[in-house]
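Peer 1: Residue numbers are given in our numbering: position 157 of the sequence shown equals residue 1297, and the series is strictly consecutive. Quick reminder that beta carbons are idealized off the backbone N, C-alpha and C, glycines included.
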Amino acid sequence: MEAYFIRHGQTNYNVLDLCNDDPKKDVHLTSLGIKQANIVAKKLRGVKFDAVFVSDLKRTQETARIVAGDRNLKFIVDRRISDRKTGFDSKPASEFFKAMERDILNTKVNNGESLAEEKKRVISFLEDLRDLKCNAVLVSTHSEILKIVYGYYNQLPDYEMWKTSIDNCQVLEFSL
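Here it is as structure tokens:
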């Protein structure tokens, strides 16, 4: 199976450098985010997806809708690929990253989730994905999730995984 993992397009919160893990907040693609998703849609136009997985956050669903285009595909919402509960919702991302400096794997702030906990749920998703009987899937998700995916498939140590940079609408492709 070919798995195409994509980070959502640029959002209003990306522009403001704010954290978001609450699906009720109005976090949506900007005009640039829509343009980014359309570019990916053109690149993946020939791929016949059997399934599309999205997080419970609107930005991943918006991105997947654009990339999937007029294909009649059902979206499967899976919270295991949702953004981490940072404890910093609607607060500057720089504050979150500063709080993570002391221990990137185990730090939990404001009843948030640690990277180790997030990694565990993402790996659970990847293991289930591997068992699907599909030719190609699209997974629209978030930067940290994609860092974990990249680290998992490339067997990176946690620190290297954390330092991986994932751009808006960057696509990672893996053969499972």
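Between D1210 and P1163, what straight-line distance do the alpha-carbon atoms span, to the nearest angstrom?
Peer 2: Near 25 angstroms, if we compare the C-alpha coordinates of P1163 and D1210.
Peer 1: Going by other Cβ atoms of all chains shown within 10 Å of its Cβ, with 16 needed for buried, is N1251 buried or exposed?
Peer 2: It counts as exposed.
Peer 1: Using C-beta distances below 6 angstroms, list every residue in its chain close to S1283, excluding the 5 sequence neighbours before and after it, in chain order.
Peer 2: Correct list, in chain order: R1147, I1306.
Peer 1: Would you call Q1230 buried or exposed, if buried means 16 or more other Cβ atoms sit within 10 Å of its Cβ?
Peer 2: Here the sequence assigns Ser to residue 1230, which means Gln is not the residue at that position. Flag for S1230 reads exposed.
Peer 1: Do you know whose CA, among A1239, V1262, G1149, lies nearest S1171's CA?
Peer 2: Among A1239, V1262, G1149, the Cα nearest to that of S1171 is on G1149.
Peer 1: Given that a residue counts as buried once 16 or more other Cβ atoms are within 10 Å of its Cβ, and exposed if not, what is D1157?
Peer 2: Its Cβ having fewer than 16 others within 10 Å, D1157 is exposed.
Peer 1: Considering only residues of the region 1243-1288, which uninterrupted beta strand (DSSP E) runs meet the minimum length of 3 residues and lie entirely inside it, listed in chain order?
Peer 2: With a minimum length of 3 residues, the continuous beta strand (DSSP E) runs that stay inside the region 1243-1288 are 1276-1281.
Peer 1: Assign I1216 to buried or exposed, taking buried as 16 or more other Cβ atoms, counted over all protein chains shown, within 10 Å of its Cβ.
Peer 2: With fewer than 16 Cβ atoms within 10 Å of its Cβ, I1216 is classed as exposed.
Peer 1: Within the 8 angstroms Cβ cut-off, does K1260 reach chain D?
Peer 2: In summary, chain D is missing from the structure at hand, where a single protein chain is found.
Peer 1: Name the DSSP beta bridge partners of Y1299, please?
Peer 2: Y1299 is not bridged to any residue.
Peer 1: Are G1291 and T1304 close, meaning C-beta to C-beta below 8 angstroms?
Peer 2: In this structure, T1304 lies closer than 8 angstroms to G1291 by Cβ.
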